[in-house]
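For the sequence shown, the working numbering begins at 359 and goes up steadily by one. We treat Cβ as the ideally placed atom computed from N, Cα and C, and that holds for glycine. Fair warning: this is a prediction, and the values are worked out from it, not measured in the lab.
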Amino acid sequence: MTKILVTGGAGYVGSHACKALAAAGYEPVVFDSLIAGHDWAVNWGPLEVGDLLDRDRIAAVVQEYRPEGVIHFASFAYVGESVTNPGKYWRNNVTGAINLLDELVACGAPPIVFSSSCTVYGMSDADYLSETLPIAPINPYGNTKRAIEIMLSDYEVATGMRHTILRYFNAAGCDAEGEIGEDHDPETHLIPLALAAAAKDRDRLSIFGTDYPTTDGTCIRDYIHVTDLADAHVRAVGQLLEGAKSNVFNLGAGEGYSVRDVVDAVGRAVGADLPVQDADRRAGDPARLVADISHARDVLGWSPEHSSLDNIVTTAWNWYRSRRQIVGA
Ligand code: UFG
């Protein structure tokens, strides 16, 4: 079976990608520190616990499995924390990526899919963001993503290692079969926090900013179901293994929803209104981030199939409810 090394494969998007890889006939080999990931989320191949900052450890795993392809998810991903502690992000995300790439080069330079983020577009005021726009992140987390995108090009020039960069918009929703789902600690994302408020596990949801230049004054985001993200990774790695050239793709649903739209959808899914409170803007939030996904449609042959807002929220609610029973939230 074709082995795919999946760094961060015990995390939210990574674990959904592993499930999709296995369904497509690949063997996902997970390398994860378990700092943010969960061993219960690794069900479709071996788990090698390790940190990319431990160069000997990633070297040993790469040499043991000799993967034919790689998907690199492992990263710290809290924008706010990256602002207050940039060193943590540069060290982990960038040094970790350097260690990984160097060990891959030493093992034949297999092609790599890299998890990037729409945050690299910064405060662009384009209605639909396309991959051809200049990238200009406005926080250290986004800067680390930009740095790794650039690094991948430099490594390709030097070694021929091909790559696919996937820029996610807002990953959301959970596995339809309820095997895996979103579980961050701390949780900062809108949908799980709104679900917690609707379930009365939180007093209320704060709406960060109601004076944006949008239809209802709240921020607009492009929510993409994690199962659709996972499918794009399988396509991207498959095309690389067939010799595709390096490329970059936006992954979103191509549609924007406001924070209030999400609140309404959560109310519908849970069957209960949720207490909300208008709050100040959160620093660094662009008013609108919506993807132009035509490039992924044309080249990856991908389209979002699971990303209606109601399906995203319903699958997230099913997962939230099942975890709540287990952890007794
Ligand atoms: N929001 C609230 N209240 C909350 C939480 C969020 O109103 O309690 C709002 C935010 O202000 C934002 C929207 O809901 O307008 C979505 O916020 P999330 O925190 O769920 O997601 P972000 O758009 O901030 O973050 C996502 C990814 C990051 C990525 C970023 C790029 O999770 O990894 O997009 O901007 F960097």
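In the pairwise beta carbon analysis, the stretch 539–556 is classified as not touching the stretch 588–596: fewer than three pairs are separated by under 8 Å. The beta carbons of Glu426 and Leu658 sit no closer together than 9 Å. Asp650 and Leu487 have their alpha carbons spaced roughly 5 Å apart. In the three-state DSSP reduction, Leu458 falls in the helix class (H, G or I). In this structure, Met519 sits away from Val452, with a CB-CB distance that is not shorter than 9 Å. Within the stretch 435–517, complete alpha helix (DSSP H) segments of at least 4 residues are found at 437–442, 444–447, 454–463 and 498–517, given in chain order. Contact check between the stretch 454–473 and the stretch 426–440: three or more CB pairs, one atom from each, fall below 8 Å, which counts as touching. Here Ser604 carries a coil assignment [DSSP, helix/strand/coil]. In this structure, Gly642 sits near Ile496, with a CB-CB distance shorter than 9 Å. With a cutoff of 8 Å, Cys465 does not count as near the ligand UFG, since its C-beta is closer than that to no heavy atom of the ligand.
Under the three-state reduction of DSSP output, Ala432 falls in the coil class, being neither helix nor strand. Judged by the Cβ position, Asp643 qualifies as a neighbour of the ligand UFG at the 8 Å threshold, a heavy atom of the ligand being closer than this. Closer than 8 Å to some heavy atom of the ligand UFG: that describes the Cβ of Thr477.
Short note on His547: C-beta closer than 8 Å to some heavy atom of the ligand UFG.
The C-beta distance from Tyr615 to Tyr581 rounds to 6 Å, short enough to meet the 8 Å contact threshold. With a cut-off of 8 Å, the C-beta of Cys532 is classified as distant from the ligand UFG, since no heavy atom of the ligand falls inside that distance.
At a cut-off of 4 residues, the continuous stretches assigned as alpha helix (DSSP H) that sit fully inside the stretch 398–425 are 413–423. Taking all protein chains shown into account, Ile393 has fewer than 16 neighbouring C-beta atoms within 10 Å of its C-beta and is therefore exposed. Between Ala611 and Asp586, the C-beta gap is smaller than 9 Å, which places the two residues in contact. About 6 Å separates the beta carbon of Gly408 from that of Phe389, a gap short enough to meet the 8 Å contact definition.
With a cut-off of 8 Å, the C-beta of Phe607 is classified as distant from the ligand UFG, since no heavy atom of the ligand falls inside that distance.
Taking a contact to require three or more Cβ pairs closer than 8 Å, the stretch 475–489 and the stretch 410–427 do not qualify as touching.
Per the DSSP secondary-structure output, Arg646 pairs in a beta bridge with Ile578.
Apart from sequence neighbours up to five positions away, the residues of its chain that approach Val595 with a beta-carbon distance below 7 Å are Ile362, Gly427, Ile429 and Val471, ordered along the chain.
For the options Ala557, Val620, Gly438 and Ile456, the alpha carbon positioned closest to that of Asn669 is the one of Val620.
In this structure, the straight-line span from the alpha carbon of Val441 to that of Pro498 is close to 6 Å. In terms of Cα proximity to Arg560, the closest of Val606, Pro633 and Cys577 is Pro633. In terms of side-chain proximity, the C-beta atom of Ala637 is found nearer than 8 Å to a non-hydrogen atom of the ligand UFG.
Considering only Phe527, Asp397, Tyr370 and Val364, the residue with the shortest C-alpha distance to Tyr384 is Val364.
In the DSSP assignment, Arg593 falls outside any beta strand (DSSP E) and within the unbroken alpha helix (DSSP H) covering Val584 to Leu599. In summary, Lys377 is buried, with 16 or more beta-carbon neighbours lying within 10 Å of its beta-carbon over all protein chains present. About 4 Å separates the CB atoms of His583 and Gly531; that is less than 8 Å, so the two are in contact. The C-alpha of Glu406 lies about 37 Å from the C-alpha of Pro492. Note: Gly427 is bridge-paired with Ile362 in the DSSP secondary-structure output. Judged by DSSP secondary structure, Arg618 falls within the alpha helix (DSSP H) whose first and last residues are Val617 to Val628.
With a threshold of 8 Å, the Cβ atom of Ser564 counts as near the ligand UFG, since some heavy atom of the ligand is closer than that.
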